[in-house]
C-alpha cells in the first residue's frame, strides 16, 4: 500500500471535509442534469418502451421535438416495402383540457366548503382542471405502438371506447382515480388503467387507443402523419435496416434506431440555451466550492502532518517525491469523492422517484462529472504543495 493511500485510510477524518465538498459538487451537477433529462424522458417514455425498433422522422428533425418530425402519409408504403419491416404505425397524439367530475359526496363537500369560504373560513377545492398531453397506442396485443410493459388486461381495457390510462403520479394532480369519469375537451372519458413508471412533472399525460382519439374527433387523418414507429424481424439488425431505409428515402425522411433517437432527445434537452446556462453556472459553482474547500482541507491536513514530512526529508526523501505523495493523496481524495457523489446522487434519485420526479443520468455525463471531480482534487493538491517548504528537518530538533 502506498504511503498516500495509507495516510488517507488511517487519518480519514482530516480529509472528510474535502470528500464531502467534492461529493456535493458532483451532486449539484448530476441532480440538475438528471432532472432536466428526466423531464424529457417523461415526454418520450411511451415511445422509448414501445416495440418499435426504428423511428422514421422528417428529414429536418434533430430529435423527436426538435424540427419537423412529421412526414407525408405516402411514406408509409415506402417504409413498408423493406423486406425486413413487419409493422409500421404513425405516432399520433393531441392535447387539451382535462377536468375531473365530482361524485355526489364530493359535490356535497365542495358546496360545504363554498359556504364556509363565504363566511371567511376558506377551504380547498376538489375540482381540478389541467392541460394534458395525449399519446396513442393501437390497442392490439403485440402491436408496434404498445409499450412492452403493458399487460393483456391493460390493452383490453384501453380497447373500450373513451377509455384512458393515467400514470399513478398524475392521479392526485388531476383529481381522479381508477374507474372515475372525467371531461377531456368537454367530452366524457373514464380512467380505465393506472400505469406505473410514466411520470411527467410538467404536463400530465393521457394514453388512449387510436379509435378513442378518432371518436373524440382529434385523430390525424390528413395528408401528413407524425413520426413512424417501425418494427423489424430481427431487432439486432436495427442499425443496418435504418441505414438501408435512409438510402432508399433519398432525403425524404430519416430513419433512427430507437437508442439513437433517445440519445438525440437527451442531447436536445441539454442543448437548450436556458438549461445550458443553468448547468454552466452549476458547474462553475461546483468548481469554485470544490476547489476552495478541498484546497483548504488538504493544506490543513498537510500542515498537521508537517513533522512526518520533515522526518521523511531527514531520511533522504527528495522534495519531488514528497510532492508526488501529496498529488497521489489528492487523487485518492478525488476517487473517494466520486464514490460519495455517486452514493448521494443515487439516494436523491430514489427520493425523487418516490415523489414522482423522473431522473435520468446519461452514462457519458457521469464519466465527465467523475473526471471533473478528480481534476478538482488534483488542482487543490497542486495548490497545497507550497506548504511542503515548511517541512525542514532542522525543525525536528526544536
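In the UniProt record's numbering, the protein residues as written are 1 to 398.
All C-beta atoms, glycine included, are put in the ideal place defined by N, C-alpha and C.
From a predicted model like this one, the values you see are computed outputs, not experimental measurements.
Per-residue burial, residue i [other beta carbons within 10 Å of its own, 16 or more giving buried]
i	result
residue 204	buried
residue 108	exposed
residue 346	exposed
residue 351	exposed
residue 284	exposed
residue 43	buried
residue 212	buried
residue 397	Caution is warranted here: a pLDDT of 47 is assigned to residue 397, below 50, making its placement in the model unreliable, and the coordinate value is therefore given only provisionally. With fewer than 16 Cβ atoms within 10 Å of its Cβ, residue 397 is classed as exposed.
residue 148	exposed
residue 202	exposed
residue 199	buried
residue 258	buried
residue 41	buried
residue 220	buried
residue 358	buried
residue 38	buried
residue 297	buried
CA nearest to the CA of residue i, picked from the options
i	options	result
residue 180	173, 192, 349	192
residue 184	91, 108, 95, 331	95
residue 386	21, 235, 320, 158	320
residue 64	266, 208, 115	266
residue 254	159, 228, 148, 364	228
residue 82	34, 233, 311, 22	233
residue 16	342, 336, 370	336
residue 286	164, 369, 219, 260	369
residue 18	361, 55, 375, 334	334
residue 137	112, 91, 341	91
residue 292	264, 14, 22, 13	22
residue 73	250, 375, 226	226
Per-residue DSSP class, three states only, for residue i
i	result
residue 97	strand
residue 166	strand
residue 184	strand
residue 146	coil
residue 87	strand
residue 224	strand
residue 329	helix
residue 10	helix
residue 348	helix
residue 216	coil
residue 297	helix
residue 323	helix
residue 200	coil
residue 15	helix
residue 151	coil
residue 302	helix
residue 80	helix
residue 56	strand
residue 369	helix
residue 159	helix
residue 129	strand
residue 139	coil
residue 209	strand
residue 339	helix
Cβ-based neighbour list, residue i, same chain, cut-off 7 angstroms, excluding 5 preceding and 5 following
i	result
residue 102	110, 126, 127
residue 159	139, 209
residue 174	98, 100, 128, 130, 166, 204
residue 242	54, 255, 256, 257
6 angstroms CB neighbourhood of residue i in its chain, flanking five on each side removed
i	result
residue 327	381
residue 133	95, 203, 205
residue 80	88
residue 20	none
residue 264	63
residue 348	31
Beta-carbon proximity list for residue i, same chain, < 8 angstroms, skipping 5 on both sides
i	result
residue 279	29, 32, 33, 36, 270
Interface flag, residue i vs chain B, CB-CB below 8 angstroms
i	result
residue 196	This model lacks chain B altogether, as it is built from one protein chain only.
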